[in-house]
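What follows is a single structure, written as structure tokens, with notes after it.
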Amino acid sequence: MKYDKNNIFARILRKELPAQVVYEDEYALAFHDIAPRAPIHILVIPKGAYVSFFDFSEKASSAEIMGFTKAIHNVIASLDLKNKGFWTLSSHGEEGGQVVFHYHVHIFSGRRPSQITPLHS
Ligand code: AMP
Numbered sequence: 001m002k003y004d005k006n007n008i009f010a011r012i013l014r015k016e017l018p019a020q021v022v023y024e025d026e027y028a029l030a031f032h033d034i035a036p037r038a039p040i041h042i043l044v045i046p047k048g049a050y051v052s053f054f055d056f057s058e059k060a061s062s063a064e065i066m067g068f069t070k071a072i073h074n075v076i077a078s079l080d081l082k083n084k085g086f087w088t089l090s091s092h093g094e095e096g097g098q099v100v101f102h103y104h105v106h107i108f109s110g111r112r113p114s115q116i117t118p119l120h121s
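Just so you know, the working numbering puts 74 at position 74 of the sequence shown, and the rest follows in order with no gaps.
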């Protein structure tokens with residue numbers, strides 16, 4: 001899939017749309033999910049134009065990959081989730097349930113994965 005520079009997260013990066021930002025650095029922006037599925041539900045996005053994890057891990061530079069991973073680490077540390085516990089999720093494509101086609105990592109805490117998406121409801 002070709003990257004659409006007008007996707008919602010690209011527009012948040014350009015500050016055309018508002019977001020509840022919790023972290024920002026050279027490589028990444030993190031903000032609250034607009035429809036949280038857990039008491040803590042943060043999205044971390046790279047500043048570069050990548051559709052998904054697959055796209056990012058194929059095309060991003062080592063500096064971008066390291067910077068983005070460290071940004072996720074910094075968000076987790078800043079929210080004090082290391083001891084409390086958290087989980088991460090990254091969707092790719094239709095079968096993966098991806099809705100926004102700018103690479104993002106969800107960080108959830110306060111609710112377990114099995115409590116969020118029943119397989120056969
Ligand atoms: P995914 O299904 O992995 O593509 O997840 C996309 C996520 O983006 C969903 O959890 C949405 O609730 C969230 N989302 C969509 N629009 C916004 C927005 N404007 N601000 C924050 N989160 C959003």
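We put the CB at the ideal spot given by N, CA and C, even for glycine.
The model shown is predicted, which means the values in this text are computed figures rather than measured ones.
So for residue i, helix, strand or coil by DSSP?
i: S114; result: helix
i: L17; result: coil
i: E26; result: coil
i: I45; result: strand
i: G86; result: Gly is not the amino acid found at residue 86; the sequence shown has Phe there. Residue state, collapsed to three classes: coil.
i: I34; result: coil
For residue i and residue j, what's the separation of their Cα atoms in angstroms?
i: P36; j: S78; result: 19 angstroms
i: K15; j: M66; result: 24 angstroms
i: G85; j: V75; result: 13 angstroms
i: P46; j: F54; result: 13 angstroms
i: S52; j: E94; result: 12 angstroms
Counting along the chain, where does the alpha helix (DSSP H) carrying residue i start and finish?
i: H73; result: 62-78
i: K59; result: 53-59
Looking at the unbroken beta strand (DSSP E) that takes in residue i, where does it start and where does it end?
i: F108; result: 105-109
Taking 9 angstroms as the threshold (beta carbon to beta carbon), is residue i in contact with chain B?
i: V51; result: Absent from the structure is chain B; it holds one protein chain and no more.
Discussion item. Between the region 21-28 and the region 68-81, can you find at least three pairs of beta-carbon atoms closer than 8 angstroms?
Written reply: yes
Item to complete: Could you tell me whether the region 2-12 touches the region 101-108, using the rule of 3 or more Cβ pairs below 8 angstroms?
Response: yes
Discussion item. For the structure I just gave you, are there three or more beta carbon pairs, one from the region 50-66 and one from the region 107-115, closer than 8 angstroms?
Written reply: no
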